[in-house]
Structures are given as structure tokens and as C-alpha cells.
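Those letters in the sequence shown? Residues 1 to 407, per UniProt numbering, in order. By construction, the Cβ of each residue, glycine as well, lies at the ideal position given by its N, Cα and C atoms. It should be emphasised that the depicted structure is a prediction, and the values quoted were computed from it without experimental measurement.
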Amino acid sequence: MQEKLVLAYSGGLDTSVAIPWLKEKGYAVTAVVLDVGQHGKDLDFIKAKALQVGAEASILLDAKEEFATDYVAPVIQGNLLYEGEYPLVSALSRPLIIKKLVEIAHQIGATTIAHGSTGHGNDQVRFEAAIHAFDPNLKIEAPIRDFQWSREEEIAYADAHHVPIPVGEESPYSIDENIWGRAIEAGILENPWHEAPEETYELTTAIVDTPDVADFVTISFKAGLPVALDGEAMSLTTILEKLNVLAGAHGIGRVDHIENRLVGIKSREIYEVPAATVLMTAHKDLEDLTLERYVAHFKPIVAEHLANLVYDAKWVSPLFDALQAFIKVTQQVVNGDVKMKLFKGSAIAVARQSAKNSLYDENLATYTASSSFDQAAAVGFIKLWTLGNTVFEQVNHVHSEQGEQHD
Ligand code: ARG
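Right, here's the structure in full:
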């Protein structure tokens, strides 16, 4: 009997030539197409294509909702940005893809999982780390990493095995996308001194073509997660889809990032993340209103660690779970609404409120005489706050003159 293998299938040239190649190696291939909200892709067509190029079975799974609630949500709550710029678009989908593939492997009795990553990127590490975590007994095939073909060799192999070259496959770019955003690399982008050409972008309009009138959108959050737009309750996937369109039209969410890969290479990547930019800006603004000062200052330190863990293929890890538990606790008070102004490439929070959890007290903050802040109490506070320094200066005179009295 042939060994069964489950392949993460995208429909592109790489994973398509992988099918006959894996067949020649003796595997019966089940292709799995995961819907994580790829923009404008005909996934039924891709599912059928897998069979056409030789897969024994082909499965299309809608994982959008699960991707949004279990993977995107923690990024929103944590405000996770790798190196302060990249909201982890591709890094996020990898553990979910493997989770699903492992489930299918168990259902059909497959021994092996295959992915289409090359040998110089982060994704191979993420795929394989997740396989090791979910089922270390599964074998791994990475055909693209193994065959190391030139483009010409790959196309010749495709021709010889009746694998159609998809329209657009002549595109020089490598693109990965899901409902949280779009990542584009390679081609002319490999020259970091070359501005990304306009054709790179699909979700975001160039600023010269964006509307001259701003759009406003009010986002309601519950426990740090968006639950409604302009007062209308909707699922996270719908919110992401709507904001990608609305903010994309204002040219919001273009990122041009020179990035430190886990495997030691610096790479140049373009990202389009309109919904992510709006949501994370709004979320941070609501945290400014609702988080206690020490929590607000400590959370970004945790967030930086978490973003590194997600990027570095440690989604499934004890430290991730522990830090994630911290983030969850902080989010209990992040309830309220933020009004966002979308205009000419920027998403700005212009108003915010939290009926239940606002720590902003107008009576304390006001400059008018009606202030309830006890100004007299400030005097004693400052004395004690500075006491340590005062004693140090009296002894050492680093900043003060000897013998001079200060009070
Ligand atoms: N550099 C990003 C990461 O490691 C994206 C990787 C996939 N990008 C692509 N254009 N195929 O998460």
C-alpha cells in the first residue's frame, strides 16, 4: 500500500509541481487548501487543480473564523508588531495550517505532511515546529527546499508533468495573504534602494488617488476585541473584511520593512495591512483610556516578547501560553468605543469613550477651579518622591553646591 501524505496546497506553481514529484516518490497525495481569507482567490478552482495535477484527494477547508478568533484576536489584544512594524500576517497562519493538516493526517491515516516552503525563509521553521509540537511521529517532506530548482528547471518539470503554469505565475513576486493582510517579496523588491512599484499593492490605494474627504468609523471593543462597527454588531471576520476595504481605499496600512529573519537573513518585505492598522491603533487608544499606568507600561514589554515568539515559530510553546495569559487578564477592562478618522494614508483615533472602564476623570484633569484634585496633597508627595535624591545630594553634591541649602 502507498504511504499517504497530506500537502499544504496553495495552487501556485511550487506546490503544484510538488504533487507529481511526491507521487514519483511513492506517496498518495491529499492536497489541503485552507481558506484563511486570501484576497480574490478562487479556492474551488485551486481545489480542483490539485486533482488535475495528480493528487489522489483534495480538501478545501474554511478556516477563516477560526483564524480570526484564535490567531488574529491575540494579536489585536496584544498590539503585536514584529520589530515594531509587521503584524505577523504569515507567521500567524502557519500553526493553524499545520493544526488542520495534522487533524486530516490522523483522519486518513497519513504518515507524512508536506509543505511548500523554501530553505531560506521563516515559514519552513514555523510549519515544522508546529508538526513537531502536534505530532512528532509524523514525517515531513519539503519538496521545494529539496529540489532547489531554478525557475527554468521547475517550468520544464511542470511541462513534462502536465502541470499548467497559472496565469500570473510569471509575476516576479512571492505573495502570501490572509484576512489579516498581505505580504509581498522578491522581484525588484529585493533591491532595498528601489521604491516598491505601485503594482505591488492590491489592498491599498495610492495616496494620489485616495478620497479628499475623510471617512470616520467607530469601533466598539469588548475585552480588547472589536465587536461592532458604527454600532452594528458583527463577527471579527466581517469587521476585518469591511475595514480592509474602507481603510484600503484611504491608502492606510502600507509597510515597507527591512526585516530580520529567524534564519539570519535580512529581507525586504512589503505588507498591506489596512484593517490591522486601524484596529491596532484604535485598540491602543482605548487601552490608553482604560489601563492602569503600570499595566500600560509593562504590557508593551510582554508584547515585544510575544511578537518575537510568534515570528520565531514558538506559537506552540509554554512561554507563549504564559504571556498570553497575562495579556488576557489586562484586556478585561478594555471595553468601549473609539472613533477613527481615515484620511490620506493615516488612521487616527479622534475620540474615545468607555462607559464602564474609563479611568479618565474630567473632574481630576480639568484646569478649571472646579477641579477635585487635591493640589495641597502634591506638596508632601513631591517631598517624599524626591527624598532619596535629596539625601544623595546632601552627601555627595554631584549636582548641588557644597554648603548650599535647598528645600
Ligand atoms: N516575512 C514574513 C514572515 O516571515 C512573510 C513571509 C511570507 N512572505 C511572502 N511574501 N511569501 O512572516
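- Query: Just how far apart, CA to CA, sit Ala206 and Ile179?
  - Reply: 21 Å
- Is it true that the region 32-44 meets the region 84-103, where meeting means three or more beta-carbon pairs spaced less than 8 Å apart? yes
- Message: Which same chain residues end up closer than 7 Å to Glu108 when comparing Cβ atoms and leaving out the 5 residues on each side of it in sequence?
- Response: According to the sequence displayed, residue 108 carries Ile and not Glu. Lys4, Thr30.
- Query: Among the residues of its own chain, which have a CB less than 7 Å from the CB of Asp14, if the five just before and after it don't count?
  - Reply: Same-chain partners within the cutoff: Gly116, Ile144.
- In the DSSP assignment, what are the bridge partners of Asn178? Gly181
- Query: Hey, His250 and Pro211 are a contact pair by Cβ (cut 8 Å); roughly how many whole angstroms apart?
  - Reply: 7 Å
- What separation, rounded to the nearest whole angstrom, lies between the Cα atoms of Ala114 and Leu7? 5 Å
- Message: Run through the DSSP bridge pairs and tell me what Gln353 is partnered with.
- Response: Looking at the DSSP output, Gln353 sits in a beta bridge with Asp337.
- Do the region 312-329 and the region 362-370 make contact, defined as three or more Cβ pairs closer than 8 Å? no
- Item | Straight-line gap, Ser16 to Gly231 (C-alpha atoms, nearest Å) | 45 Å
- Item | Ile98 versus Gly78, Ile140, Ala57, Tyr82, residue with shortest Cα-Cα distance | Ile140
- Task: May I ask which residues mark the beginning and end of the alpha helix (DSSP H) holding Lys25?
- Result: Lys25 -> no alpha helix (DSSP H), and no H or E assigned at all.
- Message: Let's test the definition: count the other Cβ atoms within 10 Å of the Cβ of Thr204 and tell me whether it reaches 16, buried, or not, exposed.
- Response: buried
- Query: For the ligand ARG, any of its heavy atoms closer than 7 Å to the Cβ of Asn122?
  - Reply: yes
- Query: From Phe381 to Asp374, what does the alpha carbon distance come to, in whole angstroms?
  - Reply: Each residue's Cα considered, the two are about 11 Å apart.
- Please state whether DSSP places His257 in a helix, a strand or coil. Assigned with DSSP and collapsed to three states, His257 falls in strand.
- Task: With DSSP collapsed to three states, give me the class of Leu61.
- Result: Here Leu61 sits in strand by DSSP.
- Query: What are the complete alpha helix (DSSP H) segments, minimum 4 residues, inside the region 273-304?
  - Reply: 274-290
- Unbroken alpha helix (DSSP H) run spanning Val36, endpoints: Run containing Val36: none; DSSP gives neither H nor E here.
- Query: Taking C-beta to C-beta, are Gln77 and Ile265 nearer than 8 Å?
  - Reply: Not closer than 8 Å, so no.
- Message: Does Glu202 come out as helix, strand or coil in the three-state DSSP assignment?
- Response: coil
- Query: In three-state terms, what does DSSP make of Ala8?
  - Reply: strand
- Item | beta strand (DSSP E) runs wholly inside the region 94-180, at least 3 long, in chain order | List check, beta strand (DSSP E) in window: 112-114, 139-141, 174-178.
- Can you list, in chain order, the residues of its chain whose CB lies under 6 Å from that of Tyr157, leaving out five sequence neighbours each side? Val17
- Taking only heavy atoms of the ligand ARG into account, decide whether any of them is closer than 7 Å to the Cβ of Asp176. Yes - the ligand ARG has a heavy atom lying nearer than 7 Å to the Cβ of Asp176.
- Which listed residue (Glu241, His305, Asp135) has its alpha carbon closest to that of Ala68: Glu241
- Message: Just verifying my parser: in three-state terms, what is the DSSP assignment at Val391?
- Response: helix
- Query: What's the C-alpha gap between Ser370 and His297?
  - Reply: The straight-line gap separating the alpha-carbon atoms of Ser370 and His297 is approximately 30 Å.
- Item | Under the three-state DSSP convention, the category Tyr360 falls into | Coil, per DSSP.
- Query: Using the C-alpha atoms, what's the distance from Gly187 back to Ile19?
  - Reply: 25 Å
- Item | Buried or exposed by the 16-neighbour rule on C-beta atoms within 10 Å, applied to Gly40 | exposed
- Query: Going straight from the alpha carbon of Val338 to that of Asn396, what length do you get?
  - Reply: 50 Å
- Query: Within 10 angstroms of its Cβ, does Phe221 collect 16 or more other Cβ (buried), or is it exposed?
  - Reply: buried
- Task: Confirm, please, whether the CB-CB distance from Ala347 to Leu80 is below 8 Å.
- Result: no
- With a cut-off of 8 Å on the beta carbons, I'd call Thr281 and Ala349 a contact; round off their distance for me. 6 Å
- Going by DSSP, which residues form a beta bridge with Lys222? Bridge partners of Lys222 according to DSSP: Leu225.
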